[in-house]
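Visitor: Line by line, the protein sequences give chains A and Z. FYI, in the working numbering the residues of the first sequence are 1 to 105. FYI, in the working numbering the residues of the second sequence are 1 to 511. The beta carbon of each residue, even a glycine, is placed where N, CA and C say it ideally should be. This is the structure I have questions about; it appears just below.
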Amino acid sequence: MFSIGLRYCGGCNPQIDRSRVIRNLNKGLNKRGLKVDLTTDKERAIDIVLLINGCMHACLEEEYRREGNNPQFISVKGEMVDDRYVEEKSIPGFLIKKIMNLFNT
Amino acid sequence: MTMMTGKDYIDSLRALSPEVYFMGQKISRIVDEPMFQPHIHAAAMTYELAHDPEYEQIMTATSHLTGEKVNRFTHIHQSIDDLVKKVRMMRLLGQKTGTCFQRCVGLDGLNGIYVTTYDIDQKYGTDYHERFKKYLLEVQKNDWMPSGAMTDARGDRSLRPSKQAHPDTYLHIKKRLEDGIVVSGIKAHITGAINSHEILTMPTRTMGEEDRDFALSFAIPADTKGVTYIFSRQTNDTRRLDGVLDAGNPKYGIVGGEAIIIFKDVFVPWERVFMAGEYDFTNELVETFAGYHRSNYGGCKVGLADVVIGGSNWIADAHGINKASHIVDKLTEMIAMAETCWSCTLACSYEGYRTPSGAYHINPLLANVTKLNITRMVYEWMRLAQDIAGGKIITLPSEKDFESPETMEILTECFAGKEGVPPMDIIKMLRLIENMSVGAGLPEAMHGAGSPAAQKIMIARRSGIDRKMELAKIIAGIRKDTYFEDIIGKDEAAHWDEVKKKIKEKKVQIY
């Protein structure tokens with residue numbers, strides 16, 4: 001089973017419903033029969049980090065880079081995923097494709 | 001890379017020969033024309049301060065293309081720090097000129113086109129972005145000032161560009177050739193147009209498929225064949241020809257020196273075309289440009305506020321009333337409003353983000369809030385400046401009367417203030433306050449970078465009002481509040497049943 005570490009920004013004024021994005025991501029992964037463990041447990045070993053920033057300013061990504069963490073991550077930042085603009089409703093589907101590519105499934 | 005000084009900039013304009021008309025006359029040498037010189041001096045300040053070690057930290061930047069030092073007005077923002085320094089630069093220049101220094105429109109055009117061409121290429125596989133980077137290198141290498149030409153003549157606002165009675169109401173492509181395009185149309189209210197080295201055009205609105213030929217962005221030298229400028233009038237503009245004092249700000253003028261630009265069958269080579277028909281990216285370009293530009297107003301206009309607040313305090317002191325509580329109160333109001341606008345522009349810069357192109361953009365919601373505040377607060381702080389300065393700002397005799405042997409003595413006596421203050425200094429300050437608070441600067445604060453309605457559209461679009469409704473529904477008890485249930489350790493409905501029961505059984509101590 002693949003493990004994805006979820007990290008949330010502070011959520012002061014998010015442009016997207018972060019919980020809904022993750023709920024729909026989880027549902028979508030299950031629907032495709034992909035066994036992926038989404039965890040917020042920072043002690044657990046993970047394969048990749050998913051940063052969930054509420055807006056494009058992306059405080060979390062900035063902090064994550066500044067702290068010199070594992071450079072392999074996917075960053076949701078409002079209606080943007082990494083360097084692509086993605087509408088909120090399409091973010092879970094976009095993430096699923098990215099995750100499937102990463103894990104070659 | 002050579003960064004020009006103010007004088008170099010003025011000399012560089014002599015090499016150009018744009019076709020300029022004003023008051024029905026063709027003006028052959030704009031640099032030597034007193035009507036235009038104040039605007040040229042204001043733009044020259046953007047060059048001059050870049051050479052002063054005291055200001056180079058904000059006036060210059062490191063080009064991401066070459067790694068060399070460039071004037072920040074030619075720079076693509078590479079970080080939040082760049083966005084913040086950009087608005088600090090705007091405030092500084094407002095303080096140094098007391099007017100519009102014009103060069104920010106081109107800067108915002110460069111950044112807006114940089115961001116948008118990258119995204120167009122991602123979708124269509126075009127090479128606009130590489131073309132634009134080559135152009136940008138030229139801008140940086142030559143330290144050019146491009147005018148940002150966005151607003152079209154627009155005609156009947158209820159009709160789309162392609163449906164206008166006159167085809168040139170909006171700038172558009174007339175012909176597509178192997179080596180370039182031929183364009184015609186009119187751009188209006190273009191700040192600093194006659195004293196810019198280049199014209200950088202952008203569409204003025206979102207275009208539909210039928211407006212494909214109006215979805216257009218390009219750059220050309222300011223004196224390209226087929227381009228004509230008609231310089232606009234401003235309040236009290238011909239006072240510049242009456243002498244020095246009556247103009248109020250004879251060195252740097254009043255607002256930006258706008259012009260209408262007429263393009264008549266102008267040829268643009270493909271290497272200088274950055275959008276030609278990609279109508280689905282017009283909205284992005286307009287919004288990106290407008291976001292940058294609206295954020296600036298919380299910098300430059302606050303710089304102007306610094307000048308007018310200082311001037312108002314000085315005149316109150318010269319009149320011997322600066323300790324009066326109502327004066328202190330008015331000055332404090334002016335400062336609070338100015339710093340509110342400054343807070344807005346700093347916030348929209350600090351809350352900026354990295355676009356896919358790598359360039360940084362401001363927070364668009366906050367930038368629009370910044371500009372909306374400017375459309376109101378500039379009027380208010382200028383109203384207070386007029387209030388403090390007194391009615392003299394609109395009744396002063398002319399400079400000629402102050403110089404005339406017949407009237408000089410009595411006028412100087414009449415306009416004297418407290419002892420020790422030269423009366424002519426009082427007149428100078430009153431004229432400056434008149435220039436800044438009565439003239440064209442006010443509607444410029446209203447309509448420059450877009451009218452209030454445009455800001456409200458953007459604010460409404462980006463406010464996330466659905467999410468705000470959800471927040472209200474949770475607090476009102478319409479939607480489940482899981483955090484509340486965790487706090488009370490039970491289901492919310494059960495909790496309220498218990499509370500009601502307690503009240504009914506009078507188990508509440510207060511009864």
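Does the CB of N363 of chain Z have a neighbour CB from chain A at under 9 Å?
Guide: Here residue 363 of chain Z refers to the residue found at position 363 of the second sequence. For N363 of chain Z, the answer is yes, since a Cβ of chain A falls inside 9 Å of its Cβ.
Visitor: How about G98 of chain Z and Y252 of chain Z: are their beta carbons less than 9 Å apart?
Guide: Taking the first residue of the second sequence as 1, we reach residue 98 of chain Z at position 98. Taking the first residue of the second sequence as 1, we reach residue 252 of chain Z at position 252. Contact flag set, yes.
Visitor: On the three-state DSSP scale, how would you describe Y379 of chain Z?
Guide: For the purposes of this step, residue 379 of chain Z is identified with residue 379 of the second sequence, where counting begins at 1. If DSSP states are grouped into helix, strand and coil, Y379 of chain Z belongs with the helices.
Visitor: Measure from the C-beta of Y85 of chain A to each C-beta in chain B and report whether the shortest distance is under 9 Å.
Guide: Of the protein chains in the structure, A and Z, none is chain B.
Visitor: Taking any Cβ of chain A, which residues in the region 275-290 of chain Z have a Cβ under 8 Å from it, in chain order?
Guide: Cβ contacts with chain A come from no residue of the region 275-290 of chain Z.
Visitor: Going straight from the alpha carbon of R44 of chain A to that of T345 of chain Z, what length do you get?
Guide: Taking the first sequence and counting its residues from 1, the one referred to as residue 44 of chain A is at position 44. Taking the second sequence and counting its residues from 1, the one referred to as residue 345 of chain Z is at position 345. So the two alpha carbons sit approximately 42 Å from each other.
Visitor: Just the C-alpha distance for D83 of chain A and K428 of chain Z, rounded to the nearest angstrom, thanks.
Guide: In the first sequence, the residue the question calls residue 83 of chain A occupies position 83. In the second sequence, the residue the question calls residue 428 of chain Z occupies position 428. For D83 of chain A and K428 of chain Z, the distance between alpha carbons rounds to 54 Å.
Visitor: Taking K27 of chain A as the reference, which of A:P92, A:N69 and A:K98 has the closest Cα?
Guide: The residue labelled residue 27 of chain A in the question sits at position 27 within the first sequence. Nearest of A:P92, A:N69 and A:K98 to K27 of chain A, Cα basis: A:P92.
Visitor: For E178 of chain Z, go through chain A and note every residue whose CB falls closer than 9 Å to its CB, in chain order.
Guide: For the purposes of this step, residue 178 of chain Z is identified with residue 178 of the second sequence, where counting begins at 1. In chain order: nothing, as chain A lies at least about 34 Å away.
Visitor: Once DSSP output is grouped into helix, strand and coil, what is the label at G185 of chain Z?
Guide: Looking up residue 185 of chain Z in the second sequence gives position 185. Of the three classes helix, strand and coil, the one that applies to G185 of chain Z here is strand, per DSSP.
Visitor: Got a sec: is the Cβ-Cβ distance from A45 of chain A to anything in chain Z below 9 Å?
Guide: Looking up residue 45 of chain A in the first sequence gives position 45. Cβ-Cβ to chain Z under 9 Å: no for A45 of chain A.
Visitor: Could you name the residues of chain A that E351 of chain Z contacts, counting a contact when the two beta carbons are closer than 7 Å?
Guide: By one-based count along the second sequence, residue 351 of chain Z stands at place 351. Result: H57.
Visitor: What is the residue span of the beta strand (DSSP E) that I111 of chain Z lies within?
Guide: Here residue 111 of chain Z refers to the residue found at position 111 when the second sequence is read from its first residue. In the sequence as presented, Ile is not what sits at residue 111 of chain Z; that position holds Asn. Not the beta strand (DSSP E): N111 of chain Z falls in the alpha helix (DSSP H), residues C104 to Y124.
Visitor: Mind checking if R294 of chain Z is an interface residue toward chain A, Cβ cutoff 9 Å exclusive?
Guide: Within the second sequence, numbered from 1, the residue matching residue 294 of chain Z stands at position 294. Judged by the 9 Å Cβ criterion, R294 of chain Z is not in contact with chain A.
Visitor: How would you write the range of the beta strand (DSSP E) that Q72 of chain A sits in, first residue to last?
Guide: As a first step, residue 72 of chain A must be located in the first sequence, where it is residue number 72. Per DSSP, Q72 of chain A belongs to no beta strand (DSSP E) and is neither H nor E.
Visitor: Below 9 Å between beta carbons: does that hold for Y297 of chain Z and T370 of chain Z?
Guide: Taking the second sequence and counting its residues from 1, one reaches residue 297 of chain Z at position 297. Taking the second sequence and counting its residues from 1, one reaches residue 370 of chain Z at position 370. Yes, Cβ-Cβ distance for Y297 of chain Z and T370 of chain Z is below 9 Å.
Visitor: Measuring alpha carbon to alpha carbon, tell me which residue in Z:M275, Z:D306 and Z:E209 is nearest G180 of chain Z.
Guide: Mapped onto the second sequence, residue 180 of chain Z falls at position 180. Cα-wise, what sits closest to G180 of chain Z is Z:M275.
Visitor: Report yes if the C-beta distance between M382 of chain Z and G441 of chain Z is below 9 Å; otherwise report no.
Guide: Translated into positions along the second sequence, residue 382 of chain Z becomes position 382. Translated into positions along the second sequence, residue 441 of chain Z becomes position 441. It is a contact, given that the beta carbons lie within the stated cut-off.
Visitor: Mark Y114 of chain Z as exposed unless 16 or more other C-beta atoms lie within 10 angstroms of its C-beta, in which case mark it buried.
Guide: Your numbering for residue 114 of chain Z matches position 114 in the second sequence. The residue is buried, with at least 16 neighbouring Cβ atoms inside 10 Å.
Visitor: When DSSP builds the beta bridges, which residues end up paired with G180 of chain Z?
Guide: Taking the first residue of the second sequence as 1, we reach residue 180 of chain Z at position 180. Paired residue(s): Z:P269.
Visitor: Would you kindly work out how many angstroms separate the C-alpha atoms of D127 of chain Z and K225 of chain Z, rounded to a whole number?
Guide: Working through the second sequence from its first residue, we reach residue 127 of chain Z at position 127. Working through the second sequence from its first residue, we reach residue 225 of chain Z at position 225. So the two alpha carbons sit approximately 26 Å from each other.
Visitor: Run through DSSP, which three-state label would D37 of chain A get?
Guide: Sequence index remark: in the first sequence, residue 37 of chain A carries index 37 (1-based). In this structure, D37 of chain A counts as strand in the three-state DSSP scheme.
Visitor: Within a Cβ cutoff of 6 Å, which residues of the same chain sit near I27 of chain Z, ignoring the five residues on either side of it in sequence?
Guide: The residue labelled residue 27 of chain Z in the question sits at position 27 within the second sequence. V20 and E33.
Visitor: How about K97 of chain A: is its C-beta nearer than 9 Å to some C-beta of chain Z?
Guide: Taking the first sequence and counting its residues from 1, one reaches residue 97 of chain A at position 97. Not closer than 9 Å to any Cβ of chain Z, the Cβ of K97 of chain A fails to qualify, so no.
Visitor: Using the C-alpha atoms, what's the distance from N53 of chain A back to Y8 of chain A?
Guide: As a first step, residue 8 of chain A must be located in the first sequence, where it is residue number 8. As a first step, residue 53 of chain A must be located in the first sequence, where it is residue number 53. Straight-line Cα distance between these residues: approximately 6 Å.
Visitor: Going by Cα to Cα distance, which pick from Z:K187, Z:D246 and Z:A416 is closest to D152 of chain Z?
Guide: Translated into the one-based positions of the second sequence, residue 152 of chain Z becomes position 152. Among Z:K187, Z:D246 and Z:A416, the Cα nearest to that of D152 of chain Z is on Z:K187.
Visitor: Give the residues of chain Z in contact with Q15 of chain A, contact being defined as C-beta atoms less than 7 Å apart.
Guide: Numbered from its first residue, the first sequence carries residue 15 of chain A at position 15. G464, listed in chain order.
Visitor: To the nearest angstrom, how far is it from the Cα of T412 of chain Z to the Cα of V244 of chain Z?
Guide: The residue given as residue 412 of chain Z occupies position 412 in the second sequence. The residue given as residue 244 of chain Z occupies position 244 in the second sequence. Their backbone Cα atoms lie some 17 Å apart in a straight line.
Visitor: Taking P452 of chain Z as part of the alpha helix (DSSP H), name the residues at either end of that continuous run.
Guide: Within the second sequence, numbered from 1, the residue matching residue 452 of chain Z stands at position 452. From DSSP, the alpha helix (DSSP H) with P452 of chain Z extends over P452 to R462.
Visitor: In this structure, what does DSSP give as the bridge partners for N71 of chain Z?
Guide: The residue given as residue 71 of chain Z occupies position 71 in the second sequence. In DSSP, N71 of chain Z forms a bridge with Z:T60.
Visitor: Assuming E278 of chain Z and A215 of chain Z form a contact by the criterion Cβ under 8 Å, report the distance between their Cβ atoms to the nearest whole angstrom.
Guide: As a working mapping, residue 278 of chain Z is identified with position 278 in the second sequence. As a working mapping, residue 215 of chain Z is identified with position 215 in the second sequence. Confirmed, about 6 Å.
Visitor: Where do the N-terminal and C-terminal ends of the beta strand (DSSP E) with T228 of chain Z fall, by residue?
Guide: Taking the first residue of the second sequence as 1, we reach residue 228 of chain Z at position 228. Looking at the DSSP string, the run of the beta strand (DSSP E) that includes T228 of chain Z is V227 to F231.
Visitor: So that I know if they touch, is there some Cβ in chain A lying closer than 9 Å to that of R354 of chain Z?
Guide: Along the second sequence, read from residue 1 onward, the residue named residue 354 of chain Z stands at position 354. Cβ-Cβ to chain A under 9 Å: yes for R354 of chain Z.
Visitor: Below 8 Å CB to CB, which residues in the same chain sit around S79 of chain Z once its five sequence neighbours on both sides are set aside?
Guide: Taking the second sequence and counting its residues from 1, one reaches residue 79 of chain Z at position 79. Only Y360 meet the Cβ criterion.
Visitor: So does the region 143-150 of chain Z actually touch the region 100-113 of chain Z, counting three or more Cβ pairs closer than 8 Å?
Guide: Because the criterion of three Cβ pairs below 8 Å is met, the region 143-150 of chain Z and the region 100-113 of chain Z touch.
Visitor: Whose C-alpha, out of A:A58, A:D37 and A:G33, is nearest the C-alpha of I48 of chain A?
Guide: Against the first sequence, residue 48 of chain A aligns to sequence position 48. Per the Cα distances, A:D37.
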